[in-house]
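Please read the structure below before turning to the comments.
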Amino acid sequence: MRSDSDSSTMSLCPIRASLRKSLSLRTSSATHDRAAARPTEPNSPPTKRPTLDFRRAFPAGVPVIAPPVGYVAGFPTAETAAKARIASLVLREQGLRERELLDCAGAMKKTNWEQLLGVGCEKRRDVVEWLLEVIPPKSMYSRAFQTASGVELKPLKDEKDGDGETSGDIPDLIDQLTHSPETRFHAAHMFLRYFHLVMHDRAQRVDLEAMKASFEASEEGLSWDPSIPPDGWNLVVWDICVGCLAISVKIHRDVLEPLGPVMSYEYERIAPHEMGYDDLETAHRDILSAFDYSLGDTPQAILDEVWRALPSLRALLPPKAGWEYAQKGTWARLFSLILEPDVLKYPVSLLTVAVLIETLITDAMHRGEYPSLSSNAQRLGLAGDEPRRDEIVGSWEMEQGLEGVIQDLQAVVQVSDERLLDCRRWIRVALKSDDS
């Protein structure tokens, strides 16, 4: 028989434990057993709310920050936005030149710059002139050939237009090098910057000078170190040259329809030496690593922004004929200046503005009778038809507005009078020596 204690225990547990637990976890607010629930106590002390102390800290109350009634925020004008972009370009350029120690070497002479670059006068001019003049022959695209990687490429097909004449598509690389002077200038500028950087590294300078000595000894018929191939120096220089051109085309060439990307085999074909895909990729890595992926700006960005930022410049030159001709003259002079070894001592922004000023002064001195462009500009497709005399503003009006334009150009790139005059003197001497 069960005892009384057993019967009393059974009477207290008529419901299963799982059901009792589920009843204790109810979340319904309509429950009627709140009075039976035990009150809980917080584990952390309550936070103090700011009352009188807060009011004493701000006796006048919190000001309401709100625009006045009827206020409408205005967007910056086109001139203000262009000036802000120029200021950003100049600031970024200053940081780049400080990292590459270009401002520290600005006071050196031309011969010192030649030694600092370490390429040699003749070799350097050959490379820069090649970058300014190279145009792939269209016959390169008219026949099938095999690339260094073993890919068989078909020729570019010619299509007939409505008149029955054959009009072949212009290859993208030919089109880019023909109509984009900034692509060539940027490639040449990167080439000079690259050797300025690597020659500052003592270990790389020793290796490159050993390769250069071996190459020069083989050219003169002297003995050289057999562990250093004599053609190594020539291959390094031209690999970097073609690599700079390829990177510049990638920067300034759009690949969206109807345009297309420029293939690596095109650079392999136009290279003045035997070059493969691996050589081109190695040159890309070396260049980007030396620059730390900061490739710099071009004069065209400065020219575009100063035209938008300065109403005085737009008033001085007609937008259709005058500005187009001023840009052509500026690029023709820039192509001559990039051949100088000490061109790196001036920032691109200062160099562009100084060359533009010299171009405007030359146009004013000729009183509308503009001289023909240089051979560089003609080869690069920059020498179009000269504008009619009635399309160019008169010389008297140009002389009246020229001083104000020069001051505006100087102010927009934030350069001092001494620095601008020094750059303009250097430009005149360099252009005079180039003409002679």
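Under UniProt numbering, the first residue of the sequence shown carries the number 1, and numbering increases by one thereafter.
Where a beta carbon is used, it is the ideal one built from N, C-alpha and C, also for glycine.
All values reported here derive from a predicted model rather than from experimental measurement.
1. Roughly how many angstroms lie between the CA atoms of Ala73 and Ala66, to the nearest whole one?
2. Would you check if there are 3 or more beta carbon pairs closer than 8 Å linking the region 94-102 to the region 325-333?
3. Taking the alpha helix (DSSP H) that Pro311 belongs to, which residues open and close that run?
4. Within the continuous alpha helix (DSSP H) that includes Gly95, where are the two ends?
5. Please report the distance separating the alpha-carbon of Gln414 from that of Gly232.
6. Using 8 Å as the Cβ pair cut-off and three pairs as the minimum, do the region 240-248 and the region 285-300 touch?
7. Within 10 angstroms of the Cβ of Gly243, are there 16 or more other Cβ atoms? Answer buried if so, exposed if not.
8. So what's His284 in DSSP terms, helix, strand or just coil?
9. Count the other CB atoms, across all protein chains shown, that sit within 10 Å of the CB of His179; report buried if there are 16 or more and exposed otherwise.
10. Identify, in the order they occur along the chain, each residue of the same chain with its Cβ nearer than 6 Å to the Cβ of Glu281, setting aside the five sequence neighbours on each side.
11. Just the C-alpha distance for Tyr194 and Ile287, rounded to the nearest angstrom, thanks.
12. Just the C-alpha distance for Ala188 and Ala81, rounded to the nearest angstrom, thanks.
13. Do the CB positions of Asp239 and Asp279 come within less than 7 Å of each other?
14. Under three-state DSSP, which class holds residue 437?
15. Whose CA, out of Glu418, Leu303, Leu402, lies closest to the CA of Met365?
16. Alpha carbon to alpha carbon, what distance is there between Gly276 and Tyr265?
17. Can you tell me whether DSSP reads Phe75 as helix, strand or coil?
18. What residues in its chain sit with their C-beta under 8 Å from that of Val134, if we drop five residues either side in the sequence?
19. Quick one: what does DSSP say Arg205 is sitting in, helix, strand or coil?
20. Would you identify the three-state DSSP class for Gly322, choosing helix, strand or coil?
21. Could you tell me whether the Cβ atoms of Gly118 and Met199 are closer together than 7 Å?
22. Whole angstroms are fine: how far does the CA of Lys212 sit from the CA of Gly260?
23. With DSSP run on the structure shown, which of helix, strand or coil describes Pro230?
24. Starting from Asp297, follow the alpha helix (DSSP H) in both directions and report where the run begins and ends.
25. Looking only at its own chain, which residues have a Cβ that is under 6 Å from the Cβ of Pro171, when we skip the five neighbours before and after it?
26. According to DSSP, is Val237 helix, strand or coil?
27. To the nearest angstrom, how far is it from the Cα of Asp342 to the Cα of Phe75?
28. Should Asp417 be labelled buried (16 or more other beta-carbon atoms within 10 Å of its own) or exposed?
29. Give the secondary structure of Met275 by DSSP, where H, G and I count as helix, E and B as strand, and everything else as coil.
30. Per DSSP, what kind of secondary structure is Lys345 in: helix, strand or coil?
31. Between which two residues does the alpha helix (DSSP H) harbouring Tyr141 extend?
32. In three-state terms, what does DSSP make of Met263?
33. Which residue's Cα is closest to the Cα of Pro272: Pro347, Glu129, Ile15?
34. Terminal residues of the continuous alpha helix (DSSP H) containing Ile174?
35. So which of Ser88, Ala411, Ile15 has the shortest CA-CA distance to Ala354?
36. Quick one: using the 10 Å Cβ neighbour count with 16 as the cut-off for buried, is Tyr71 buried or exposed?
By the coordinates alone:
1. 13 Å
2. no
3. 311-316
4. 78-99
5. Taking the straight line joining both Cα atoms gives about 44 Å.
6. Proximity of the region 240-248 to the region 285-300 meets the contact definition, three or more beta-carbon pairs being nearer than 8 Å.
7. buried
8. If DSSP states are grouped into helix, strand and coil, His284 belongs with the helices.
9. exposed
10. none
11. 7 Å
12. 30 Å
13. Cβ distance < 7 Å, so Asp239 and Asp279 count as in contact.
14. A question about residue 437 goes unanswered here, because the residues of the chain that appear run from 1 up to 436.
15. Leu402
16. 8 Å
17. coil
18. Leu177, Leu245, Ile270
19. The DSSP-derived three-state label of Arg205 is helix.
20. helix
21. Yes, the Cβ-Cβ distance between Gly118 and Met199 is below 7 Å.
22. It is roughly 38 Å from the alpha-carbon of Gly260 to the alpha-carbon of Lys212.
23. In the structure shown, Pro230 sits in coil (DSSP, three-state: anything other than H, G, I, E or B).
24. It is not in any alpha helix (DSSP H) - Asp297 carries neither H nor E in the DSSP assignment.
25. Tyr141
26. helix
27. In this structure, the alpha-carbon of Asp342 lies about 42 Å from that of Phe75.
28. exposed
29. coil
30. helix
31. That residue, Tyr141, is in no alpha helix (DSSP H); it is neither H nor E in DSSP.
32. coil
33. Nearest option by C-alpha distance: Glu129.
34. 172-179
35. Ala411
36. exposed
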